[in-house]
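In my numbering, the protein residues as written are 13 to 165. Scroll down for the structure; my scribbles are underneath it.
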C-alpha cells in the first residue's frame, strides 16, 4: 500500500459516496486508475464495505449501553459468541483481555429492551455475570484517526 492508496482510503472514509472522478482529481490519477486501486483494496480486504451512517435516535434506538461479560470457568468462548450473534441489538462485540471476556456495544429503543437483553445474556451458558453501563449521551463515535505512515512509529 502506497501513499496514494492511503489517501484514497482517507477520502473514502470521509465520504464513501465520492465518485471515482472526484477521487481521481484529488489524488492526481485517472478515474480508471483510481477504480483499479479501489478494487484492489477491496479484494485485499482493506476496504470491507460501504455503509450509510444512520442517526440511531432517528430510527428509535435511543438507548446505548456497554455490557461486559465475565465467563464462568466452564465457559465455551465459541458457544458464547454464537449466542451473542443471535442478538441483533448488539452493534459491536470485542473479545477482551482481563476479567471480562467480551465487551458489547448495544442499542435498543427502551430500557425495558435493555433489561430483557441483560437477562438473556445472563442466562447464556458459560456467562457468569454481566456489567452494564448506560450512555447518557454520545459526544462522538466512529471518529477515524489518520492512517499511520509506515516507518514513523
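Quick reminder that beta carbons are idealized off the backbone N, C-alpha and C, glycines included.
Selection from 124, 61, 119 that minimises the alpha carbon distance to residue 24: With distances taken between Cα atoms, residue 24 lies closest to 61.
Closest residue to residue 149 among 85, 67, 106, 141 (Cα-Cα distance): Of the listed residues, the one whose Cα sits closest to residue 149 is 67.
Closer than 8 Å is the cut-off here; do at least three beta carbon pairs connect the segment 102–119 with the segment 38–47? No: the two stretches stay apart, fewer than three of their Cβ pairs being nearer than 8 Å.
May I ask you to list the residues that DSSP assigns as paired with residue 83? Per the DSSP secondary-structure output, residue 83 pairs in a beta bridge with 139.
Give the C-beta separation of residue 101 and residue 119 to the nearest angstrom, bearing in mind that I take them to be a contact with Cβ-Cβ under 8 Å. Contact flag correct, Cβ pair sits at about 6 Å.
Which residue marks the beginning of the beta strand (DSSP E) containing residue 114, and which one marks its end? Its beta strand (DSSP E) spans residues 114–120.
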